[in-house]
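To keep things clear, I will list the structure first and then write my remarks on it.
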Amino acid sequence: MSKRDTSLLIADMLESISRIQRYVAGMDYDAFLADERTCDAVVRNVEIIGEASKQVPEDFKQAHAALPWQQMAGMRNRIVHDYTGVDLAIVWDVTQNALPKLQAQLEVLVKPGAA
Numbered sequence: 677m678s679k680r681d682t683s684l685l686i687a688d689m690l691e692s693i694s695r696i697q698r699y700v701a702g703m704d705y706d707a708f709l710a711d712e713r714t715c716d717a718v719v720r721n722v723e724i725i726g727e728a729s730k731q732v733p734e735d736f737k738q739a740h741a742a743l744p745w746q747q748m749a750g751m752r753n754r755i756v757h758d759y760t761g762v763d764l765a766i767v768w769d770v771t772q773n774a775l776p777k778l779q780a781q782l783e784v785l786v787k788p789g790a791a
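Going letter by letter, the sequence shown gives residues 677 to 791 in the working numbering.
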């Protein structure tokens, strides 16, 4: 597998966040749980965020230590290695609480002159 440029990895994460936000727009938790396709799509994009975060070079992570690198990778690992144990309540909480903050943190990194 070829290494991708860090800016492309950040763009991948932002694209996945955007997709998740579109998928859950107008939904509450019960509607989310009832929609199997949306659950699957959201879980897949959370996995992509985690996979991209794992590929970001360590020196970049250290320079931007305020970002939840370990949590992103950990969520991805949980989904990939324990797919039957995915807790959709946690996934929903991530979509509603963690992703907006993460999006803001990542957007700062892609502004001209950042990073």
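C-beta: ideal position from N, C-alpha, C; glycine also.
Computed from a predicted model, the values in this text were never measured in an experiment.
So, at 7 Å on beta carbons, what are the nonlocal neighbours of residue i in its own chain, with the 5 sequence-adjacent residues on each side left out?
{"i": "G750", "result": "none"}
{"i": "T771", "result": "I696, V700, V718"}
{"i": "D688", "result": "I724, A728"}
{"i": "N773", "result": "none"}
{"i": "N721", "result": "S692, R695, I696"}
Answer with buried or exposed for residue i, where buried requires no fewer than 16 other C-beta atoms within 10 angstroms of its C-beta.
{"i": "E734", "result": "exposed"}
{"i": "V784", "result": "exposed"}
{"i": "P702", "result": "In the sequence on display, residue 702 carries Gly and not Pro. Result: exposed."}
{"i": "L684", "result": "exposed"}
{"i": "R698", "result": "exposed"}
Apart from the five residues just before and just after residue i, which ones in its own chain have a Cβ nearer than 6 Å to its Cβ?
{"i": "H757", "result": "none"}
Nearest CA to the CA of residue i: which residue from the options?
{"i": "A780", "options": "L685, E712, L690", "result": "L690"}
{"i": "T760", "options": "I693, D716, K730", "result": "D716"}
{"i": "A710", "options": "P776, V786, W768", "result": "W768"}
{"i": "A765", "options": "Y705, I686, K730", "result": "Y705"}
CB-CB under 8 Å to residue i, same chain, minus the five flanking residues each way: which ones, in chain order?
{"i": "V762", "result": "V719, R754, I755"}
Alpha helix (DSSP H) runs wholly inside the stretch 712-743, at least 4 long, in chain order = 712-731, 734-739
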